[in-house]
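Q:
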Amino acid sequence: MYTNHIETVPALVAALPSMWREATTLAVPDQALVLLLVKDSRDGFGEIERIWVAEEIDYFDPFHAKALAYGTTGTRAVALVVDIEADGPGDNSAEHVLLTDAAACALREHGVSLQSTYVTRGFGAKEPIWSLDTDEFKGKVPLFPAATPYPVYELAESLITRPANSLPRLADIGDED
């Protein structure tokens, strides 16, 4: 089976609608939290084991964490907040941090560590993308070639691993032992 190696955040954001449509016939909403469960890395890449889309960004339902982790082996997650009302780093960041902190706490109960978190306005070409962990602008959504049927997607370790200079999360409290 063909494997797509995704090495940049813009390439990941551009590929997400295709990945999600392979699992369901629904489109990713204009406001959503997309969670990617990642298996352990090999050769610098981690395979995306499951994608889950929570269709709201006002609160996080712990059911989403259970649904993402159920019957899987992945232990790390990457989050993407899709917020059509956010224009760039810092926009609605307090709400996004609360959302991803709630997700991190719920995921932790299922043995999954939320690593990197990103935000985008949407999936159209030239939409901005930034890191919620560092407020660093990551680029704009590129045009993405059509994916092959039912491909395996792997993320570069640099996209998965939480930045060293990121702010602490509520789920991290007590990990300093």
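Residue numbers (our numbering): 1 to 177. A virtual CB, placed ideally from N, CA and C, is assigned to each residue, including glycine.
(1) Between N92 and the rest of its own chain, which residues show a CB-CB distance below 7 Å, the 5 nearest in sequence each way excluded?
(2) Excluding the 5 residues flanking L12 on each side, which residues of the same chain have their C-beta closer than 7 Å to its C-beta?
(3) With distances taken Cα to Cα, identify the nearest neighbour of V28 among T73, F123, S116 and D61.
(4) In chain order, what residues of the same chain lie with their CB nearer than 6 Å to the CB of A102, ignoring the 5 residues before and after it?
(5) Under 8 Å by Cβ, that's how I've got A14 and P128 pegged, so tell me the actual separation to the nearest angstrom.
(6) Which residue's Cα is closest to the Cα of V112: R21, D40 and A23?
(7) Which runs of the beta strand (DSSP E) fall wholly inside the stretch 19–67 and span at least 3 residues, in chain order?
(8) Just to confirm, are A67 and T100 a CB contact at a threshold of 8 Å?
(9) By the three-class DSSP mapping on this structure, what secondary structure does L16 have?
A: With the structure as the only source:
(1) D83, E85 and A86
(2) I6, L155 and L159
(3) F123
(4) F60
(5) Wrong, their Cβ atoms sit about 13 Å apart, outside the cutoff.
(6) D40
(7) 31–42 and 45–54
(8) no
(9) It is helical.
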